[in-house]
Each structure stands twice: as C-alpha cells, then as structure tokens.
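To keep things clear, I will list the structure first and then write my remarks on it.
2 protein chains.
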Amino acid sequence: MLYLVGLGLGDATDITVKGLQAVRRCCRVYLEVYTSVLTVGKEALEEYYGKELILADRDLVEQGADEILKDADVTDVAFLVVGDPFGATTHSDLVLRAVHAGIPYRVIHNASVMNAVGCCGLQLYNFGETVSLVFWTETWRPESFYDKICKNRTAGLHTLCLLDIKVKEQSIENMMRGKKIYEPPRFMTVNQAADQLIQIIQRRREEGEELGMTEDTVCVGVARLGADDQLIRAATLSQLMSCDLGAPLHSLVVTGRLHPLEVDMLRVNAEPNALQHLQEVDASTCCS
Amino acid sequence: MLYLVGLGLGDATDITVKGLQAVRRCCRVYLEVYTSVLTVGKEALEEYYGKELILADRDLVEQGADEILKDADVTDVAFLVVGDPFGATTHSDLVLRAVHAGIPYRVIHNASVMNAVGCCGLQLYNFGETVSLVFWTETWRPESFYDKICKNRTAGLHTLCLLDIKVKEQSIENMMRGKKIYEPPRFMTVNQAADQLIQIIQRRREEGEELGMTEDTVCVGVARLGADDQLIRAATLSQLMSCDLGAPLHSLVVTGRLHPLEVDMLRVNAEPNALQHLQEVDASTCCS
C-alpha cells in the first residue's frame, strides 16, 4: 500500500492519529521537501514519528518514482506531504504511477493552506481562483496572477496568493558547469509579494489602465499558518510592503467584497494603523 | 483558552495529535453537530477521546454562546468541528464573542472538504467559487448556484458543490404549534443534487437560454470523503442522477476545463460507462 499522508501545517504533532499510525506501520517513509515546509525539520519529525525519513526532492518524485513505489504492492510505503497530499500536481502523477503498477493507495488528509487560511476571518466560500506568485528574474516577470486577482475582485471574491518557494535550486552558472551545487532555499515573503503587486499596479497606472486593485486595497498577510507563532496581519497592500512577518512560510490574501462579519474578524488581526482603513471599508465597500 | 479543533473528515482517528492533546486537557468539550457529520457518532468519539462530549446544535452555538464560553478565560474549553473549524460562518461569530470577552482562542486545523476534494484528481487551484445546494421546497427553488457554476465554467474552473444538511429541523406544523419535535436528519445525495441541476438545465433550455452546462457535463460525485469507504465517481451529470453512492455525506464537483493529467486521474474513479465520455472530453474540451 502507498500511503499519501498530509502532515498539516505546524509541527510534528499536526499529523492526524490515523496518519501517524500509518507512518509507524510503513517500512519506507519519504518526506516531500520541495512544495512546502513545516516549522520543524526532518530530525524533529523522525524523533516524533519514530521512523527514519528519506528526503524526496523534486528530482526523486518526478524522475525516481519507481524507487519510491518499489515493492509497495507487497509492503507499506508512506509519502509525507506538508499540508494535504493533493496540493501539488506532481503528487497526482505519483498516484497514477501507483495505479498503473497495480499498487493500492490511500490518502490520509490534513489541513492545507487552501482551507486553513479561513482562520484569518475571510469566508472560504468567498474565495475565487487561487494564484501563485513566483520570484521575478531580470528577464521573467509574469503578471498573470494580477489579472486573476482583479477578475476575482470584480466578482466580489477574495484571492489566496501562494508565494514561491525555491529549494535546491542551482544557479545558472553552476547548472551550465554541470555542478550539483545548490543555492540556499528562498521563500517569498509577504513584503516581496506586496512589492511585486505594487510594481504591477504602478506600471499599469502609468499606462492608463483601469485598476482592479490599488495600494490601498485591504489585504491579509499570513505567516506560519497553523504554527504556534502564526501571525496574521490585515492591512493595506502598501502597509504590508513594510510589515515584517518573520520566518517562512508566508501567504497573502487580497480581499474582494467584505461582509461585515469578515471586517469584524479582520479587525482582530489588524495593524493598529490599518484599523482606520477597515473603518473606511466598512462604510464604502461592504455588502450588507 | 478556547480551542477550536477540526476533527477532519473520517472517523475518531482523523483528529490531529495536537488536537487530541488539547481535547484531553479541556474541562468542557462541545461537539458541533449541525454543519457536518463524521462516519462515527458521539459515543465512538467519546470513547476514543476519553472525554464526555456536549452536543452543540445551531441554537446553542448561535444563542447560547455565553454558555460555551463560560469560564474559558480561566480554564480550557474545546469546540470540536467536523472538517476544519472555519468552514462555517457561525464559528467566526463564536471567535468574535471570545475575543470581545477577553478569552484567548486557538485554532487547531484539519482537513476540510474544501481541500480534501483534491483527491478526486482535480487540481485545487483550478476551482472557482464554492457553491451550496439547498433542499428545494414547493415554494423556494433557488437557482443562483447554477449561475455561479456556469460563471466558473466560463473561466475554465471547477466548482465544488456543498450539499444541504438538515439536522434538528422542525416541520412547519410542529413549529406553529410550538412543539419541539424534530424531523429525522436529511442529507442531500449526489442524485438529488444532479436532479436539481438537470431540472434547471431543462427549464432554461425550454426558455431558449444559452446553457453553461448540460446533462453531459463531466461531474464528480464524492461520498464519505476521507472515510475508509469513501467513494468517488466521475460521470456525466445525468449518469450521476442514477448512481448510488451510499450513506452521507455527499458532495458534487462540476468540472470546468480539464487538464490531461486531471482526465487521467478522473479515469481512475470513472464509471465504466463514463470512460467513453472522458475520452470524448480528452478530444474536445481539454486544454493542453
């Protein structure tokens, strides 16, 4: 049996009891390490689960799936994923390989940022399509996520923005030299995400485009969601550019139309200087 | 401390270790019983958690919140919610009451249908706004969910349809007589949801309206998501009208534009007679 086990969002104890029982039963346990991270490392998980973990980077999952699935028809293998197992595309691929190899699989779900973000006070069913923000390079500055956010806002919907994670990336120089030397991991912060959005807004304003959001749009910065030191800050986009939310992971929510109950919840986590803006929201953009 | 603890989607062991530790520490433990249900009842949970549970119906949560929050500033109280605590609006209200009473609160997340539905093989970030289907009555047959589904489909997005749950409802007769007699609980099935959608499609077709979906649209019926006997069926809407998925809870997904990897995953759970239709989807509506 192949067990795909969600680890949830905080530390070692965020695994479900069912998940922990499955992990302890398995003869090989892989930990997927390239789509998300917990607030604790491999060693803490190994100690808590009582199992040695094999780190599974993108190469192993996408090209070495046979190794992961080896003997899983006659023994139990676990594949651990931070959050819920079906957040990332590549895991569908692993499941399909298992199915085609006649290996039964079982999913043990857990919280994902896609649902846990509801704790910021915005209603989950008022979210539109989720978008991803990638680190811009000098030559690649995609803006399609901005258009999706505006489309959601036009429909009155909030947008969850997942922020880029770069783990085990090679510099172009090292890649060209064939050197397997990896850059330090990078995790996009709410500041960086807000900065990208503001750059897009400014450029489009200069081009005379009608804006679907501005520097004053109420957003929510979310850091270490589900962890003991989780931080949630409701503020304007420009306020979030200079708001330090600490260690990764970060996510950003751009609000759509706010319901009064949502405004009340945002106030619980609002920057003192953002309160005034939420009062303005109250008066202007709230639907009743 | 008020702990809002998600129970996940299956049985007693789907609680997280962190959640279980919190529950065992609390002096009062409430179980919210009107927005969702597990596959096991109160007694099984009490035995597993080692705690007596107080059932919290809508009346208690919405009107008796003070009772739930009593002494929670000096002792620990848990409020258990099937899935994740922030799926339903009324729990924001409980949090706000706690905040205003100076009671600290903590959320312990878990899987929700909003993210676990990803196991059907459709990518979570390709979902648009979530909709709710309510039981129609003779005089109240809302259709707004259909328009939202079509809007999502126009944008290429899938739609998660949450199906109505009626727990502790009074008949109008008993309500008028002031009798606190409750009807048996009702849970909308995928069949009933498909039937409502098809009625809307037929009516609008007769009125000459351009249709955003038809009886042949590929949908996914999901039953007992996360439980040992979970059932997932990919089929056309009309096929789902006569597809028995067994005991509650059910959910329905209406697909938007399908990615080839999503089609492959749907095939794993497709009705044999729906395979042909998925092949047609392959050829016609897939984006590359």
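Top line first, the protein sequences correspond to chains A and B.
For the first sequence, UniProt numbering assigns the number 1 to the initial residue and increments by one for each residue that follows.
For the second sequence, UniProt numbering assigns the number 1 to the initial residue and increments by one for each residue that follows.
No residue lacks a Cβ here, since even glycine has one placed at the ideal position from N, Cα and C.
Given the structure is predicted, the values throughout are model-derived calculations rather than measurements.
Three-state class that DSSP yields for residue i in the structure shown
i         : result
Lys51(A)  : coil
Cys286(A) : Residue confidence for Cys286(A) is low, a pLDDT of 43 falling below 50, so the modelled location carries little weight; the figure read from the coordinates is stated next. If DSSP states are grouped into helix, strand and coil, Cys286(A) belongs with coil.
Ser251(B) : strand
Glu46(A)  : helix
Val268(B) : helix
Ala72(B)  : coil
Ser242(B) : coil
Leu258(A) : coil
Arg153(B) : helix
Arg141(B) : coil
Glu173(A) : helix
Val37(B)  : coil
Lys148(B) : helix
Own chain residues within Cβ distance below 6 angstroms of residue i, not counting five before or after
i         : result
Ile200(A) : Glu143 and Tyr146
Tyr48(A)  : Ala12
Arg186(A) : Lys166
Cys286(B) : At Cys286(B), the pLDDT of 43 sits below 50, so the modelled position is not reliable and the matter cannot be decided from this model.
Glu169(A) : Glu183
Val61(A)  : Thr90
Gln230(B) : Arg224
His250(A) : Leu163, Thr189, Val190 and Ala223
Ile181(A) : Asn174
Ala72(B)  : Leu2 and Ile103
Lys148(A) : Glu129 and Val131
Whether residue i touches residue j by CB criterion (8 angstroms)
i              : j         : result
Val254(B)      : Gly121(B) : no
Gly19(A)       : Ile165(A) : no
Ser238(B)      : Asp216(B) : yes
Asp14(A)       : Thr13(B)  : no
Val190(B)      : Leu245(B) : yes
Gly128(A)      : Gly128(B) : yes
Arg25(B)       : Gly50(B)  : no
Val131(A)      : Thr90(A)  : no
Val218(A)      : Ile232(A) : no
Ser92(B)       : Leu261(A) : yes
Gly118(A)      : Asp66(B)  : no
Asn152(B)      : Leu7(B)   : no
Phe135(A)      : Met188(A) : yes
residue 365(A) : Leu9(A)   : Because residue 365(A) is not part of the residues shown, which for chain A are 1 to 288, the question remains open.
Cys27(A)       : Thr75(A)  : yes
Own chain partners of residue i with C-beta closer than 8 angstroms, once the 5 adjacent residues on each side are dropped
i         : result
Leu53(B)  : Val29, Tyr30, Leu31, Lys42, Leu45, Glu46 and Leu80
Asp11(B)  : Leu38, Thr39, Val40, Ala44, Ala227 and Asp228
Gly87(A)  : Thr35, Ser36, Val81, Ser112, Val113 and Met114
Leu69(A)  : Leu2, Val77, Leu94, Arg97, Ala98, Ala101 and Ile103
Tyr105(B) : Met1, Leu2, Tyr3, Leu4, Val95, Ala98 and Val99
Thr154(A) : Gly212
Ala270(B) : Arg233, Ala234, Ala235 and Leu278
Ile198(B) : Glu215, Leu237, Ser238 and Met241
Cβ-based neighbour list, residue i, same chain, cut-off 7 angstroms, excluding 5 preceding and 5 following
i         : result
Thr214(A) : Ile201
Ala193(A) : Leu133, Cys161, Leu163 and Leu252
Val33(B)  : Leu55, Ala56, Asp57 and Val167
Ala247(B) : Arg224
Asn126(A) : Leu157, His158 and Gly256
Ala22(A)  : Tyr3, Val5, Ala78 and Ile108
Asp195(B) : Met241
Arg204(A) : Leu211
Counterpart residues of residue i in DSSP-defined beta bridges
i         : result
Leu133(A) : Leu163(A)
His158(A) : Phe127(A)
Ala78(A)  : Tyr3(A) and Val29(A)
Thr16(A)  : Thr16(B)
Ala56(B)  : Glu32(B)
Gly8(B)   : Gly83(B)
Closer than 9 angstroms at the beta carbon, the chain D residues around residue i
i         : result
Leu261(B) : Of the protein chains in this structure, namely A and B, none is chain D.
>> I'd like the ranges of any alpha helix (DSSP H) spanning at least 4 consecutive residues and lying wholly in the stretch 178–237 of chain A.
In response: 190–206
> Enumerated in chain order, which unbroken segments of the alpha helix (DSSP H) with a length of 4 residues or greater are wholly contained in the stretch 82–123 of chain A?
Replying inline: Fully enclosed alpha helix (DSSP H) runs of 4 or longer: 89–100 and 113–116.
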